[in-house]
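Below is one structure, written out as structure tokens; the observations come after it.
Residue numbers (the working numbering): 1282 to 1363.
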């Protein structure tokens, strides 16, 4: 039996916060990445790049999950695909 709560879409705010956290984790690595590049520590550049790539992938999975759970009729100021 469906309850009245099942009529409402799942709130995207918790996943959005998770997505923001992952994006922030990537951005926090930009300065160390360029410092390693400047000092020609290419092993460190590779290590940081791989970390950014893994975290970015997690952020993309969260974003995809958010998109899948948005109702088709929701009005957004931007296209859901962006």
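Just so it is clear, CB atoms sit at the ideal spot from N, CA and C, and this is done for glycine as well.
What number of angstroms, rounded off, separates the C-alpha of residue i from the C-alpha of residue j?
| i | j | result |
| --- | --- | --- |
| residue 1292 | residue 1343 | 13 Å |
| residue 1301 | residue 1331 | 19 Å |
| residue 1314 | residue 1322 | 10 Å |
| residue 1333 | residue 1349 | 24 Å |
Is the CB-CB distance between residue i and residue j below 8 Å?
| i | j | result |
| --- | --- | --- |
| residue 1326 | residue 1318 | yes |
| residue 1295 | residue 1340 | no |
Using three-state DSSP, classify residue i as helix, strand or coil.
| i | result |
| --- | --- |
| residue 1351 | coil |
| residue 1320 | coil |
| residue 1313 | helix |
| residue 1296 | helix |
Give me the Cβ distance between residue i and residue j, rounded to the nearest whole Å; I'm assuming they're in contact under 8 Å.
| i | j | result |
| --- | --- | --- |
| residue 1297 | residue 1329 | Rounded, the Cβ-Cβ distance is 26 Å, inconsistent with contact. |
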